[in-house]
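Undergrad: Following our numbering, the numbering of the sequence shown begins with 14 at its first residue and continues without gaps. Just so it is clear, CB atoms sit at the ideal spot from N, CA and C, and this is done for glycine as well.
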Amino acid sequence: MRTMRRGMYYLVLCCEALALNAAAGSRFASAGSFPLPARSVIRQETANGLVVLMERVPASRLMQFSLLIKSGSATEGPLLGSGATHLLEHLIFKAEPEKNLASIVEKAGGYTNAHTSLDHTLFTVTVPFENWREPLDALLRAVFSPSFSEEDFAREREVVLREIARAEDRPEYQLSRCLWETAFLVHPYRLPVIGYPDLLQQLTCEEVRKYHASAYSPDNAILAIVGPADADEVFGAVRSSVSGVRRGFPWPASPLSEPRQTGFRERVKPFPTKLAYLSFACRIGSATSPDTPALDVLAWVLGGGRSSRLYRSLVEAGKAYQVSAEAYTPKEPGLFIIQAVCDPEKVGEVRRTILREVSRAKSGATDKELEQARNGLHSQLLFSLESVEERAGDLATSMHLTGNPLFSSDYLASVSQVDSKRVAEVARQYLTETGMTFCVVKEEGAATGAAGSEEGAGAARLERLANGIPVFLKRDRTLPIVSFSVLMKGGMLFEKKETNGLFPMMARLLIRGTERFSARDISDMVASWGGSISPYSGNNSMGLTLTVPARYWQQALSLLADIACNPSFPEKELQRERQEAIAEIVAREESAGGVAGRILREKIFAAHPYGLPDGGTKESVEAVTASLVRETYRLFFGAGNIVITASGDIDERRVMKELAEKFGSLSPARIPQVERFLPADHEPVVARQGIKKKEAVVLIGYPGITVDDRRRAVLEVFASLMNQQDGTLFDRLREKEALVYATHFTYFLGLQPGALIFSAQCRPDRVERVRQVIEEVIADVAARPISADALEKNKRKVLGHQRISRQTLSSQALEAGLSVLYGLGHDYAEQLEREVRAVTPQDVQSFAQEFFRPRRQVTVIVAPEDGTIHK
């Protein structure tokens, strides 16, 4: 049951939840079902109709509030197609500083977000446990009693119009619009959530206020709360906050009846892109349909990761770069969607292959495939319980869609009963030729051919194997999950121009075969445990993480060791990864942000490896050979250059014994030395590049600091100051002048000095003013210390976000492991917290004065080729 659409193009292995089951003495196991950990929810309802759900998680140090409004883009009635709901989502965050939701939450050290879907809008707040009261009140006040002005309305409408323009530059968005407009002829699901620009421009502030008065009322909302606080205290706070809010009058309903599809529909949408993006879709039932569990199993069999039929027949066969399948089941009947990305000349072949696999699915699924789906769907839900935000979101959306906040457990029970016959039945019933819609987005004229307690948490510690390899251990039995990682120095810092892209390809190839197992064996084994395996390569390191349910820890660790110690880097797999890498490079060069980022790196770092394009160039990845990959890996993988992590529901003694057997005899690594990057002053650099897009990107960058720099805590606070929604940068660029759609300050740290980057997306005619404002904001921070209040607010924000980012076992272990790898110590996160608390206003000012000097500045402007950039 998927109620939020996945971004197909960005699906990568590290985000997959691959599934199956395993048995003693074998790599695979017999079918069976296993429940989620027991969850308990308390439900109350306020006098004015707000449904409040609370799940206590005593072990958490966070409080999560997720407020769901049962109105989305499909329920806008007379405002359908205007994007009123999405615009209102923006306006909820508009208020005076003392009432501004984002400001209050950030001051408490938390994080707030929101999204609009077809059937609902969700507002979320995550804060440290000790600071939950004021953010809760602010959330309820902002949503039910917003205070946006006519000026706010005009400004945010312009922001959303820019957001639409930015979305229309993306082929993925064009494919989504094409598919939904073609599959639905009457139902409002066919309309864009964000709205049509012309209808949005006609929308008035008064219309939005009337819509809010009817739709945003307590009786049309669900508040899900997850955390360790006392339930009675929380319920009392909720009742107090909403006591003065009235029930709403029903908003005029939108027509929901869609006529039965009686024939195959096909549409080709021209769009300037080097790749082709295609979708098949068939209409299916809603989230509560009894067929939904079987359709989810069918989707997994067809497109659920590297073990799926479509992945093997398309990606492994070299016909497509990516493929996915999902049963999207919202409040009303949804769609079964298959999506793929390929070269334009292979569209016909990809289309025929998909239709062939759809036809084959009508004969059912194998026992092995059924186990993959059952365990995979189970693991997706199990892993989501690590995050309080995911827990609360599950409660709220389940309640909205089904009336049962703990629907997930019932759903899994139904999934466990799905057999081959049932898969065949739903495939034959729904995936019919007359009910199918096919859409392609490609360049015009391109050939197509076709919940637990605190008990069980242990202290983290660092051990070493006999050959000196560090092992980070952390026992946490809150959930039956284990996570293992092998990390080593590597990545872009050690690349050469001629073979740029070597390390990302090497990382992906790690799971494409060993001396014992093929790529298919590896994906099947990981899938059989309901686990996920994630190779990565960054600026300074590369590695591999394997996360599985705890009962499979020993098999998983054996597999991880075999992958790390005995990779085969087969030539056939290298050819496939090379083509995928080239496709990513093509996509990067079609993105204004991607082009700007590549140019900025080159201008800041010149001939240093950090200045190379992320992922390489077509020529450099074609120069990477299997022998080069093997030779490089042998140099880097060895004692003195790797760190191992093990966390979760583990037995430390047994894990150390296994690790000693598998890694204890590794010989030392022999990594090459890299020439030191020494930033030097120069005249300010301005680089301009044309691109065939509607929007412009402005980047202003400077050389940065290393991972072990004593000013790292100051940088964290400065970044928070620049990125807060009521901060100077956002206020000047978004609020006062409405110059940009988005603006951020980002940075990367390195074993050598990295980069500090201000970014903005705007209209081409506003580039120079945006650049001027960013420089004025930088100069202002350098000219005077920030206030004590602003400093404390941003410290709390940094510390809160650090806590939020460490919710999962894998994130905690990865952070600790990298800290050890970089020589910072496994407890560096605690040290950084202490250093953040010690930052002073003068520290922030001094940082700005030292690092944001004009003679270190590089500006990159990427804008439409035919656009006007006013000086």
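Would you list, in sequence order, the uninterrupted beta strand (DSSP E) runs of no fewer than 3 residues that lie entirely inside the stretch 728-792?
TA: Listed in chain order, they are 753-761, 768-775.
Undergrad: According to DSSP, is Leu570 helix, strand or coil?
TA: Position 557 of the sequence shown holds residue 570. Of the three classes helix, strand and coil, the one that applies to Leu570 here is helix, per DSSP.
Undergrad: Tell me whether Ala620 counts as near the ligand COA, meaning its Cβ is closer than 8 Å to at least one heavy atom of that ligand.
TA: This structure does not include the ligand COA; it has no bound ligands of any sort.
Undergrad: Please name the residue, chosen from Leu625, Ala732, Arg689, that lies closest to Ile807 on a Cα-to-Cα basis.
TA: Counted from its first residue, the sequence shown places residue 807 at position 794. Looking at the sequence itself, residue 807 is Asn, so the reference to Ile does not match. Among Leu625, Ala732, Arg689, the Cα nearest to that of Asn807 is on Ala732.
Undergrad: Can you give the Cα-Cα distance for Gln862 and Leu734, rounded to whole angstroms?
TA: Your numbering for residue 862 matches position 849 in the sequence shown. Your numbering for residue 734 matches position 721 in the sequence shown. So the two alpha carbons sit approximately 15 Å from each other.
Undergrad: Less than 7 Å between C-beta atoms, sequence neighbours within five positions excluded: which residues of the same chain meet that for Ile595?
TA: Working through the sequence shown from its first residue, we reach residue 595 at position 582. Contacts found: Lys631, Val634.
Undergrad: Taking Cβ to Cβ, would you say Ala300 is nearer than 9 Å to Leu66?
TA: Along the sequence shown, one-based indexing puts residue 300 at 287. Along the sequence shown, one-based indexing puts residue 66 at 53. Going by C-beta atoms, Ala300 is not nearer than 9 Å to Leu66.
Undergrad: Based on Cα-Cα distance, which residue from Thr415, Glu665, Arg776 lies nearest to Arg477?
TA: To locate residue 477, count along the sequence shown from 1; it is residue 464. For the residues Thr415, Glu665, Arg776, the minimum Cα distance to Arg477 belongs to Glu665.
Undergrad: Would you call Arg277 buried or exposed, if buried means 16 or more other Cβ atoms sit within 10 Å of its Cβ?
TA: For this step, residue 277 is matched to residue 264 along the sequence shown. First, the amino acid is wrong: residue 277 is Phe here, not Arg. With fewer than 16 other Cβ atoms within 10 Å, it is exposed.
Undergrad: Use the C-beta contact count for Ser376: other C-beta atoms within 10 angstroms, 16 or more gives buried, fewer gives exposed.
TA: Counting from 1 along the sequence shown, the entry for residue 376 is found at position 363. Ser376 comes out exposed.
Undergrad: Do Ala115 and Gln738 have their CB atoms nearer than 9 Å?
TA: Counting from 1 along the sequence shown, the entry for residue 115 is found at position 102. Counting from 1 along the sequence shown, the entry for residue 738 is found at position 725. Cβ atoms of Ala115 and Gln738: closer than 9 Å.
Undergrad: Exposed or buried, which one is Asn113 when buried takes at least 16 other CB atoms within 10 Å?
TA: Along the sequence shown, read from residue 1 onward, the residue named residue 113 stands at position 100. Buried, because 16 or more other Cβ atoms sit within 10 Å of the Cβ of Asn113.
Undergrad: Residues bridged to Gly677 by DSSP?
TA: Counting from 1 along the sequence shown, the entry for residue 677 is found at position 664. Bridge partners of Gly677: none, in fact.
Undergrad: Mapping the DSSP letters down to three states, classify Phe865 as helix, strand or coil.
TA: Position 852 of the sequence shown, counted from the start, is the residue given in the question as residue 865. It is coil, neither helix nor strand.
Undergrad: Run the CB neighbour count on Phe166, radius 10 Å, all protein chains shown included, and call it buried at 16 or more, exposed below.
TA: Against the sequence shown, residue 166 aligns to sequence position 153. Classification of Phe166: buried, given that the 10 Å Cβ count is 16 or more.
Undergrad: Taking 9 Å as the cut-off, decide whether the C-beta atoms of Asp721 and Ala563 are in contact.
TA: Position 708 of the sequence shown, counting from 1, holds the residue named residue 721. Position 550 of the sequence shown, counting from 1, holds the residue named residue 563. Not in contact: Asp721 and Ala563 (Cβ atoms no closer than 9 Å).
Undergrad: Which same chain residues end up closer than 7 Å to Asn233 when comparing Cβ atoms and leaving out the 5 residues on each side of it in sequence?
TA: Counting from 1 along the sequence shown, the entry for residue 233 is found at position 220. Within the same chain, Asn233 has close Cβ partners Ile82, Lys83, Ser84, Gly261.
Undergrad: My assumption, with CB atoms under 8 Å, is that Glu671 sits in contact with Leu570. Please give the rounded CB distance.
TA: As a first step, residue 671 must be located in the sequence shown, where it is residue number 658. As a first step, residue 570 must be located in the sequence shown, where it is residue number 557. Glu671 to Leu570, Cβ: 5 Å. Contact.
Undergrad: Do Val599 and Val875 have their C-beta atoms within less than 9 Å of each other?
TA: Along the sequence shown, one-based indexing puts residue 599 at 586. Along the sequence shown, one-based indexing puts residue 875 at 862. Result no, Cβ atoms of Val599 and Val875 do not sit closer than 9 Å.
Undergrad: Under 9 Å between the Cβ atoms of Ala520 and Lys675?
TA: One-based indexing of the sequence shown puts residue 520 at position 507. One-based indexing of the sequence shown puts residue 675 at position 662. For Ala520 and Lys675, no; Cβs fall outside 9 Å.
Undergrad: Determine the burial state of Arg776: buried for a count of at least 16 other Cβ atoms within 10 Å of its Cβ, exposed for fewer.
TA: Taking the sequence shown and counting its residues from 1, the one referred to as residue 776 is at position 763. Result: buried.
Undergrad: Along the chain, which unbroken stretches of the alpha helix (DSSP H) at least 4 residues long are found entirely within the stretch 499-545?
TA: Runs found: 515-522, 532-541.
Undergrad: Any chance the stretch 850-861 sits against the stretch 709-728, with 3 or more Cβ pairs inside 8 Å?
TA: Yes, the stretch 850-861 touches the stretch 709-728.
Undergrad: Tell me which residues share the same chain as Thr512 and place their Cβ nearer than 7 Å to its Cβ, disregarding the 5 neighbours each side in the sequence.
TA: The count along the sequence shown starts at 1 and reaches residue 512 at position 499. The residues are Ser633, Ala636, Val637, Leu641.
Undergrad: Are the stretch 134-144 and the stretch 192-200 touching by the rule of at least three beta carbon pairs closer than 8 Å?
TA: Contact between the stretch 134-144 and the stretch 192-200 is absent, because fewer than three Cβ pairs lie under 8 Å.
Undergrad: Name the DSSP bridge partner or partners of Ile494?
TA: Working through the sequence shown from its first residue, we reach residue 494 at position 481. BP columns for Ile494 point to Pro562.
Undergrad: Report the residue from Ala97, Gly543, Met555, Glu708 whose alpha carbon sits nearest the alpha carbon of Arg222.
TA: Stepping through the sequence shown from its first residue, residue 222 is reached at position 209. When only C-alpha atoms are compared, the closest one is Ala97.
Undergrad: Measuring only the C-alpha atoms, how far is Tyr565 from Ala121?
TA: Here the question's residue 565 lines up with position 552 in the sequence shown. Here the question's residue 121 lines up with position 108 in the sequence shown. Approximately 40 Å, taken between the alpha carbons.
Undergrad: Nearest-angstrom Cα distance between His391 and Gly653?
TA: Within the sequence shown, residue 391 is the residue found at index 378, counting from 1. Within the sequence shown, residue 653 is the residue found at index 640, counting from 1. Distance between the alpha carbons of His391 and Gly653 is about 38 Å.
Undergrad: Go ahead and pull the three-state DSSP assignment for Asn388.
TA: Translated into the one-based positions of the sequence shown, residue 388 becomes position 375. Helix, per DSSP.
Undergrad: So which of Leu831, Glu109, Asp132, Phe649 has the shortest CA-CA distance to Glu748?
TA: By one-based count along the sequence shown, residue 748 stands at place 735. Per the Cα distances, Glu109.
Undergrad: Are Ala307 and Val354 touching if we call contact CB-CB under 9 Å?
TA: Along the sequence shown, one-based indexing puts residue 307 at 294. Along the sequence shown, one-based indexing puts residue 354 at 341. No; because the gap between Cβ atoms is not below 9 Å, this pair is not in contact.
Undergrad: Can the beta-carbon of Leu557 be found closer than 9 Å to that of Ser541?
TA: Here residue 557 refers to the residue found at position 544 of the sequence shown. Here residue 541 refers to the residue found at position 528 of the sequence shown. Their beta carbons are not under 9 Å apart, which means Leu557 does not touch Ser541 by this criterion.
Undergrad: With a threshold of 16 other CB atoms inside 10 Å of the CB of Thr275, please say whether the residue is buried or exposed.
TA: Within the sequence shown, residue 275 is the residue found at index 262, counting from 1. Exposed, since its Cβ has fewer than 16 Cβ neighbours within 10 Å.
Undergrad: Contact check, Phe516 vs Gly504 under 8 Å by CB: the rounded distance?
TA: As a first step, residue 516 is located in the sequence shown; it is residue number 503 there, counting from the start. As a first step, residue 504 is located in the sequence shown; it is residue number 491 there, counting from the start. Indeed, because the Cβ distance is near 5 Å, the residues count as touching under 8 Å.
Undergrad: Buried or exposed for Leu407, going by 16 or more other Cβ atoms inside 10 Å?
TA: Locating residue 407 in the sequence shown gives position 394, where the first residue counts as 1. Checking the sequence shown, residue 407 turns out to be Asp, not Leu. That one is buried.
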